[in-house]
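Peer 1:
There are 2 protein chains.
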Amino acid sequence: MSRLTVEVEATDGAARAGRVVTPRGSFPVPCFMPVGTRGAVKALDTADLEALGAPVVLANTYHLMLRPGADVVRSLGGLHRFIGGWDGHLLTDSGGFQVFSLQPDVDDGGATFRSTYDGSRHRLTPERAVEVQADIGADIQMVLDVCPGLPAPDAVVRDAVERTSRWADRARAAFVAGSEARLDRGLDQAQFGIVQGGVDAGLRADHARRTAALGFDGYAVGGLSVGESRGDMLPALGAALEHLPVDQPRYLMGVGDPVGIVEAVALGIDLFDCVLPTRLARHGTMLTDTGRVNLRNARWARDAGPVDDTCPCPTCARWSKGYLRHLLSVGEPTAARLLTVHNLSWLLRLVERTRQAVRHGNLANLRADVLAVWG
Amino acid sequence: MSRLTVEVEATDGAARAGRVVTPRGSFPVPCFMPVGTRGAVKALDTADLEALGAPVVLANTYHLMLRPGADVVRSLGGLHRFIGGWDGHLLTDSGGFQVFSLQPDVDDGGATFRSTYDGSRHRLTPERAVEVQADIGADIQMVLDVCPGLPAPDAVVRDAVERTSRWADRARAAFVAGSEARLDRGLDQAQFGIVQGGVDAGLRADHARRTAALGFDGYAVGGLSVGESRGDMLPALGAALEHLPVDQPRYLMGVGDPVGIVEAVALGIDLFDCVLPTRLARHGTMLTDTGRVNLRNARWARDAGPVDDTCPCPTCARWSKGYLRHLLSVGEPTAARLLTVHNLSWLLRLVERTRQAVRHGNLANLRADVLAVWG
């Protein structure tokens with residue numbers, strides 16, 4: 001069990017820039033983690049992610065435990081080796097988010113659900129989520145939590161917090177108990193707790209304290225960006241962050257829109273993940289310095305220029321909007337990859353710009369710029 | 376109008392190895408041309424084709440004239456520039472093969488057909504096919520021909536030969552008439568004639584003579600591998616080749632299976648194209664030195680080895696059969712690209728092996744090896 005530390009190199013208000021130090025090495029924060037649900041970021045391969053300079057990739061426990069099976073990933077050397085010898089960091093979510101979207105049978109022991117692949121029944125408990133994630137073998141595990149959609153009645157949010165707390169306690173115990181066995185097979189994982197509490201700042205603060213008391217290796221704020229407004233989200237996020245250790249990583253789950261990123265960095269968040277940039281790319285919506293560009297629009301048919309004039313990504317270096325629009329409009333699979341490369345490159349650079357802004361003490365300027373374009 | 380020549384460096388029986396010299400440079404033959412129907416080889420980009428070392432890529436006139444439109448390709452700088460600054464060679468088919476599969480209204484003037492994209496009516500004539508291919512701007516144009524499926528009644532095959540001959544005459548005249556205008560805009564294209572005649576060796580020989588008499592820059596044999604047996608195909612192919620100029624390129628359209636390639640190289644063919652390796656890849660069928668491997672088979676789920684032990688392609692260098700099978704079985708788009716890279720790499724190397732075999736005078740050995748595995 002490796003407590004991850006943030007080496008803070010600069011702060012700007014509550015925002016910080018630095019490096020997360022891990023048994024594998026380190027990675028810079030703030031950091032956006034592309035989502036490789038089933039062991040691949042959609043339409044990309046591991047070499048693409050290296051070329052993009054993505055320091056951390058997220059994979060999905062729910063999907064990998066069903067296909068190909070966590071035991072298969074383990075037998076093929078664990079997730080780093082499975083996806084083609086990835087030297088960067090990997091994080092697996094707990095599977096809870098997907099399981100709870102399937103309306104599982106939940107009891108205090110865990111959640112029973114049916115596979116979306118073949119309808120077979122499976123059960124995930126806090127302890128089982130630890131085991132499964134050990135088999136998958138990412139650098140960072142997440143605890144199994146209960147994540148209600150918002151808006152939700154107070155009682156639902158409070159019940160979710162209580163169950164998440166009880167499960168966190170069990171998950172931490174199981175993780176600690178398994179540390180030696182994992183180390184024996186060369187696996188030095190970290191485990192993050194997850195703070196719930198909906199948009200209730202008091203509940204968020206209380207749950208953050210209780211989660212921190214369990215002594216996790218890092219902390220996530222979950223259950224946000226699930227239907228609430230940004231005006232409701234940010235105070236709840238801020239309330240949680242006040243009660244999380246300053247020298248450990250803080251991860252805002254499921255947020256990856258430009259405004260959400262700058263706002264959350266300003267509050268002290270280090271890590272992000274989101275399917276937004278990759279999903280938008282597959283639908284032809286490009287992230288650019290001047291806002292969203294819908295490549296499906298016929299106005300781009302004869303446009304010889306790149307998606308974004310100032311973008312250094314391989315797609316912008318080589319292909320015109322006219323060509324990319326063509327590939328997209330005739331359904332060529334090549335489009336998904338080239339457009340995903342651009343969107344991820346753009347978002348990774350936005351996060352790099354937040355790092356630089358924190359270092360130069362001008363995050364407020366970047367925030368204003370991003371809000372002017374994306375707000 | 377640039378008469379293309381084959382600089383023959385070695386022969387082995389009727390087979391030859393050498394280089395086709397063109398205004399753009401040269402490329403080695405025998406040569407397999409991957410099919411980039413709509414301006415992209417499915418799931419690959421132009422950088423992938425460079426990495427694979429594909430000297431020539433084929434694109435499809437029918438598809439490009441409808442989407443994005445040949446005028447759009449021209450306005451974006453022509454096909455080489457359109458697809459991202461491709462320095463290699465490009466060939467466009469005439470569109471005839473696709474048009475005739477749509478059961479068009481054919482008269483002696485040309486063929487009228489409906490777009491598969493939006494049902495709109497279009498007309499392709501021998502002259503129009505020359506113009507459209509000039510707008511697209513590949514290095515090599517093909518004449519519009521009539522290509523009946525086999526088996527077909529003698530009368531149908533003979534009518535196709537006669538109409539193809541009349542159209543070839545008109546296409547050549549239109550191409551020659553347009554040469555100066557093309558050169559004025561920096562486009563030094565070549566035009567290939569196409570020999571038809573079904574599986575009738577006499578008809579093939581006769582049509583080869585008549586096509587050669589029109590003085591094309593190179594010659595294709597079309598209308599084979601469209602339903603007939605290999606035993607019927609090879610004599611017809613051989614009969615045509617006897618009457619084509621030995622110092623100009625000879626292209627067998629639509630053939631790209633391993634046996635078809637070695638057999639046709641043995642008869643003196645220089646160029647091949649086929650969707651087989653790319654289509655098989657997308658369905659998980661891998662070409663390997665020991666034959667076809669169906670990656671969908673559950674036996675590969677825990678296999679840590681590469682698709683082909685001796686393959687130097689980027690896919691085999693990095694990813695296991697277990698991982699590739701997983702991507703394929705959950706429908707990850709990444710699979711199509713990685714598997715296509717392998718199959719094209721394998722087939723391009725098979726063709727390279729035919730070149731080496733001709734140089735060393737042991738094509739018979741390679742042919743026997745390929746027949747033993749693939750026959």
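Protein chains in written order, with our numbering: chain A, 1 to 375; chain B, 376 to 750. Think of the CB as a built atom: it goes at the ideal place given N, C-alpha and C, for glycine as much as any other residue.
Starting from the beta carbon of residue 113/A, find every residue of chain B whose beta carbon is closer than 8 Å, and list them in chain order.
Peer 2: Locating residue 113/A in the first sequence gives position 113, counting from the first residue. The premise fails here: residue 113/A is roughly 18 Å from chain B at the closest Cβ pair, so nothing lies under 8 Å.
Peer 1: Does the count of Cβ pairs from the region 586-595 of chain B and the region 563-572 of chain B closer than 8 Å reach three?
Peer 2: The region 586-595 of chain B, when compared against the region 563-572 of chain B, does touch it at the 8 Å Cβ threshold.
Peer 1: What does residue 515/B pair with, by DSSP beta-bridge criteria?
Peer 2: Against the second sequence, residue 515/B aligns to sequence position 140. Answer by DSSP bridge pairing, in chain order: 466/B, 565/B.
Peer 1: Scan the region 677-696 of chain B for residues whose Cβ lies nearer than 8 Å to a Cβ of chain A and list them as they occur along the chain.
Peer 2: Under the 8 Å Cβ criterion, the region 677-696 of chain B contributes 677, 679, 689, 693, 694, 695.
Peer 1: Applying the criterion that 16 or more other CB atoms from any shown protein chain within 10 Å of the CB defines a buried residue, is residue 368/A buried or exposed?
Peer 2: For the purposes of this step, residue 368/A is taken as the residue at position 368 of the first sequence. It counts as exposed.
Peer 1: Indicate whether at least one CB of chain B lies closer than 8 Å to the CB of residue 43/A.
Peer 2: Within the first sequence, the letter at position 43 stands for residue 43/A. Yes - at least one Cβ of chain B is within 8 Å of the one on residue 43/A.
Peer 1: Taking residue 457/B as the query, report the chain A residues whose CB atoms sit under 7 Å from its CB, ordered along the chain.
Peer 2: Locating residue 457/B in the second sequence gives position 82, where the first residue counts as 1. Neighbours of residue 457/B on chain A, chain order: 323.
Peer 1: Cβ of residue 708/B less than 8 Å from any chain A Cβ?
Peer 2: Position 333 of the second sequence, counted from the first residue, corresponds to residue 708/B. So yes, residue 708/B belongs to the interface.
Peer 1: Answer yes or no: the CB of residue 677/B versus the heavy atoms of the ligand ATP, is any distance below 7 Å?
Peer 2: Inclusion of the ligand ATP in the displayed structure is not the case, the ligand content being empty and no account of it being possible.
Peer 1: Which ranges does the beta strand (DSSP E) cover as unbroken runs of at least 3 residues, wholly within the region 266-342 of chain A, from first to last along the chain?
Peer 2: With a minimum length of 3 residues, the continuous beta strand (DSSP E) runs that stay inside the region 266-342 of chain A are 271-273, 285-288, 291-294.
Peer 1: Relative to the alpha-carbon of residue 260/A, which residue among 374/A, 285/A, 50/A has its alpha-carbon at the smallest distance?
Peer 2: Along the first sequence, read from residue 1 onward, the residue named residue 260/A stands at position 260. Comparing Cα positions, the closest option is 374/A.
Peer 1: For residue 96/A, decide whether its Cβ has a neighbour in chain B, counting only Cβ atoms nearer than 8 Å.
Peer 2: The residue given as residue 96/A occupies position 96 in the first sequence. By this cut-off, residue 96/A is not an interface position.
Peer 1: Quick one: what does DSSP say residue 588/B is sitting in, helix, strand or coil?
Peer 2: The residue labelled residue 588/B in the question sits at position 213 within the second sequence. Residue state, collapsed to three classes: coil.
Peer 1: Assuming residue 643/B and residue 389/B form a contact by the criterion Cβ under 8 Å, report the distance between their Cβ atoms to the nearest whole angstrom.
Peer 2: For the purposes of this step, residue 643/B is taken as residue 268 along the second sequence, with counting starting at 1. For the purposes of this step, residue 389/B is taken as residue 14 along the second sequence, with counting starting at 1. Rounded, the Cβ-Cβ distance is 4 Å, consistent with contact.
Peer 1: For residue 336/A, would you say it is in contact with chain B, using Cβ-to-Cβ distances shorter than 8 Å as the test?
Peer 2: Taking the first residue of the first sequence as 1, we reach residue 336/A at position 336. Closer than 8 Å to some Cβ of chain B, the Cβ of residue 336/A qualifies, so yes.
Peer 1: Under a CB-based cut-off of 8 Å, is residue 476/B close to chain A?
Peer 2: Here residue 476/B refers to the residue found at position 101 when the second sequence is read from its first residue. With 8 Å as the cut-off, residue 476/B does not count as an interface residue toward chain A.
Peer 1: So with CB distances below 7 Å, who are the chain A contacts of residue 398/B?
Peer 2: Within the second sequence, residue 398/B is the residue found at index 23, counting from 1. Near residue 398/B there are no residues of chain A at all, since even the closest Cβ is about 24 Å away, more than 7 Å.
Peer 1: Which chain A residues sit within Cβ distance under 9 Å of residue 704/B?
Peer 2: In the second sequence, counting from the first residue as 1, residue 704/B sits at position 329. Per Cβ cutoff of 9 Å: 67, 68.
Peer 1: Residues of chain A with a CB under 7 Å from the CB of residue 415/B: which are they?
Peer 2: Taking the first residue of the second sequence as position 1, residue 415/B is located at position 40. Neighbours of residue 415/B on chain A, chain order: 327, 332, 334.
Peer 1: Quick check on the DSSP output: what are the complete alpha helix (DSSP H) runs of length 4 or more inside the region 243-268 of chain A, in order along the chain?
Peer 2: Whole alpha helix (DSSP H) segments, 4+ residues: 258-267.
Peer 1: Using a 10 Å radius around the Cβ and a threshold of 16 neighbouring Cβ atoms, would you call residue 93/A buried or exposed?
Peer 2: Counting from one through the first sequence, the residue named residue 93/A turns up at place 93. Under this definition residue 93/A is a buried residue.
Peer 1: Opposite residue 26/A in the DSSP bridges: which residues?
Peer 2: Here residue 26/A corresponds to residue number 26 of the first sequence, with the count starting at 1. 21/A, per the DSSP bridge assignment.
Peer 1: Residues in the same chain with beta-carbon distance under 6 Å from residue 392/B, minus the five sequence neighbours each way, listed in chain order, please.
Peer 2: Reading the second sequence from its first residue, position 17 is the one you call residue 392/B. Result list for residue 392/B: 384, 385, 730, 733, 734, in chain order.
Peer 1: Assign residue 724/B to buried or exposed, taking buried as 16 or more other Cβ atoms, counted over all protein chains shown, within 10 Å of its Cβ.
Peer 2: Indexing the second sequence from 1 puts residue 724/B at position 349. It counts as buried.
Peer 1: Could you check whether residue 403/B and residue 413/B sit closer than 8 Å to each other, using their CB atoms as the reference points?
Peer 2: Numbered from its first residue, the second sequence carries residue 413/B at position 38. Numbered from its first residue, the second sequence carries residue 403/B at position 28. No, they are not a contact pair.
Peer 1: Taking CB distances under 8 Å as the criterion, tell me whether residue 447/B reaches chain A.
Peer 2: In the second sequence, counting from the first residue as 1, residue 447/B sits at position 72. Yes - at least one Cβ of chain A is within 8 Å of the one on residue 447/B.
Peer 1: Would you be able to state if there are at least three C-beta pairs under 8 Å between the region 495-511 of chain B and the region 669-677 of chain B?
Peer 2: The region 669-677 of chain B, when compared against the region 495-511 of chain B, does not touch it at the 8 Å Cβ threshold.
Peer 1: Taking its Cβ as the centre, do 16 or more other Cβ atoms sit within 10 Å of residue 459/B, making it buried, or is it exposed?
Peer 2: Locating residue 459/B in the second sequence gives position 84, where the first residue counts as 1. Buried, since its Cβ has 16 or more Cβ neighbours within 10 Å.
Peer 1: Quick check on residue 492/B: does DSSP put it in helix, strand or coil?
Peer 2: Stepping through the second sequence from its first residue, residue 492/B is reached at position 117. DSSP places residue 492/B in coil when its eight states are reduced to three.
Peer 1: Under 8 Å, Cβ to Cβ, is there at least one residue of chain B near residue 344/A?
Peer 2: For the purposes of this step, residue 344/A is identified with residue 344 of the first sequence, where counting begins at 1. No, because no Cβ of chain B sits closer than 8 Å to the Cβ of residue 344/A.
Peer 1: Nearest-angstrom Cα distance between residue 670/B and residue 741/B?
Peer 2: Position 295 of the second sequence, counting from 1, holds the residue named residue 670/B. Position 366 of the second sequence, counting from 1, holds the residue named residue 741/B. Whole-angstrom Cα-Cα distance: 26 Å.
Peer 1: Are residue 651/B and residue 632/B touching if we call contact CB-CB under 8 Å?
Peer 2: Position 276 of the second sequence, counted from the start, is the residue given in the question as residue 651/B. Position 257 of the second sequence, counted from the start, is the residue given in the question as residue 632/B. The answer is yes: Cβ separation under 8 Å.
Peer 1: Can you check whether the C-beta of residue 450/B is within less than 8 Å of a C-beta belonging to chain A?
Peer 2: Translated into positions along the second sequence, residue 450/B becomes position 75. So, interface residue.
Peer 1: With 16 other CB atoms within 10 Å as the buried threshold, where does residue 528/B fall?
Peer 2: Against the second sequence, residue 528/B aligns to sequence position 153. Result: exposed.
Peer 1: Is it the case that the region 687-698 of chain B contacts the region 67-78 of chain A, given that we only count it when at least three CB pairs across the two stretches are under 8 Å?
Peer 2: Touching, yes.
Peer 1: Hey, does residue 88/A have any beta-carbon neighbour from chain B nearer than 8 Å?
Peer 2: For the purposes of this step, residue 88/A is taken as residue 88 along the first sequence, with counting starting at 1. Answer no: the Cβ-Cβ gap between residue 88/A and chain B never drops below 8 Å.
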